[in-house]
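Adding 1 to a residue's 1-based position in the sequence shown gives its number in the numbering used here.
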Amino acid sequence: MQGPAFQDRSTAGRALAERLAHHGHRPETRVLALPRGGVPVGYEVARALGAPLDVFVVRKLGTPGHEELAMGAIATGGVRVLNPEVIEEVGIPLEQIDAVAAREGRELERREASYRQGRPALDVRGRNVILVDDGLATGSSMRAAVAALRKQGPARIVVAVPVAPLETCEDIATLADETVCVRTPEPFFAVGLWYRQFEQTSDAEVRDLLERAARESSMAEAHPSPG
Numbered sequence: 002m003q004g005p006a007f008q009d010r011s012t013a014g015r016a017l018a019e020r021l022a023h024h025g026h027r028p029e030t031r032v033l034a035l036p037r038g039g040v041p042v043g044y045e046v047a048r049a050l051g052a053p054l055d056v057f058v059v060r061k062l063g064t065p066g067h068e069e070l071a072m073g074a075i076a077t078g079g080v081r082v083l084n085p086e087v088i089e090e091v092g093i094p095l096e097q098i099d100a101v102a103a104r105e106g107r108e109l110e111r112r113e114a115s116y117r118q119g120r121p122a123l124d125v126r127g128r129n130v131i132l133v134d135d136g137l138a139t140g141s142s143m144r145a146a147v148a149a150l151r152k153q154g155p156a157r158i159v160v161a162v163p164v165a166p167l168e169t170c171e172d173i174a175t176l177a178d179e180t181v182c183v184r185t186p187e188p189f190f191a192v193g194l195w196y197r198q199f200e201q202t203s204d205a206e207v208r209d210l211l212e213r214a215a216r217e218s219s220m221a222e223a224h225p226s227p228g
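Next comes the structure, spelled out in structure tokens:
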């Protein structure tokens with residue numbers, strides 16, 4: 002088995018940004034990171050590309066009694082994506098779906114408020130949006146994110162991660178307009194194996210990086226580089 006591909010999420014983000022350079026310094030580019038681990042990666046991507054950064058929060062809707070089985074997901078912007086096969090097979094009534102979605106919706110709103118600290122969400126309609134995470138395993142959260150983001154009307158969706166199994170990247174590529182996976186090691190096992198440092202990203206770190214990105218973005222707008 003190969004050794005770790007990246008020192009930490011920041012170095013992974015810089016490597017990912019190199020592969021996304023063609024999106025750099027374009028007014029229509031937006032970077033959305035899946036918290037929490039995707040935010041340090043997304044911060045480096047957004048900084049390198051000169052693009053605004055925001056979070057895109059996804060919450061799985063677990064099937065009642067079988068919470069590990071996803072009957073759908075909700076995401077930033079009040080979007081709900083359901084898995085009709087699971088709902089039909091298990092026979093989940095609409096009231097139960099609504100109850101789970103309401104509970105997860107409250108947690109999603111709590112997280113967004115905590116992360117953004119009063120800043121509004123980025124408007125993605127008609128924009129080229131780069132969805133970033135620190136890696137994919139099965140890709141279920143990213144699939145939900147793409148489906149939810151699609152409903153907000155972006156011009157294009159680019160899924161970008163430092164590391165993922167080749168099969169997952171190919172699966173995501175059927176949903177996104179562009180997919181970038183820097184490394185696709187086999188056998189894969191788990192995202193964390195491909196980082197030397199893979200400590201859990203804290204809520205405080207997410208808040209700090211988003212605040213820093215917002216500050217840098219507003220400074221860049223106030224003092225645009227010549228040419």
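C-beta atoms are modelled at their ideal positions from N, C-alpha and C, and glycine is treated no differently.
Computed from a predicted model, the values in this text were never measured in an experiment.
Its chain contains Leu62 as the residues whose beta carbon lies nearer than 6 angstroms to that of Val101, once the 5 sequence neighbours on both sides are disregarded; these appear in chain order. With contacts defined as CB atoms closer than 9 angstroms, Leu54 and Gly43 qualify as a contacting pair. Going by DSSP, Glu187 is part of no beta strand (DSSP E) at all; its letter is neither H nor E. Pairing Trp195 with Pro5 gives a Cβ-Cβ distance under 9 angstroms. When only Cα atoms are considered, Leu137 and Ala165 end up about 5 angstroms apart. Each residue's CA atom was taken as its position, placing Asp172 and Thr139 some 10 angstroms apart. Leaving aside the five residues that flank Ala22 on each side, the residues in its chain whose CB is nearer than 8 angstroms to its CB run, in chain order, Ala49, Leu50. Here Gly38 carries a coil assignment [DSSP, helix/strand/coil]. For the 9 angstroms CB-CB criterion, Ala161 and Val181 form a contact. The beta carbons of Gly78 and Gln153 sit about 5 angstroms from each other, so the pair counts as a contact at 8 angstroms. In the structure shown, the three-state DSSP call for His67 is strand. The residue from Ala145, Thr185, Pro186 with its alpha-carbon nearest to that of Leu83 is Ala145. By the Cβ-count criterion, Arg60 is buried, with 16 or more other Cβ atoms from all chains shown falling within 10 Å of its own Cβ. Nearest neighbour of Asp209 by Cα position, chosen from Pro28, Ala16, Thr12, Pro41, turns out to be Pro41. Taking C-alpha positions only, Pro28 is separated from Ser11 by approximately 24 angstroms.
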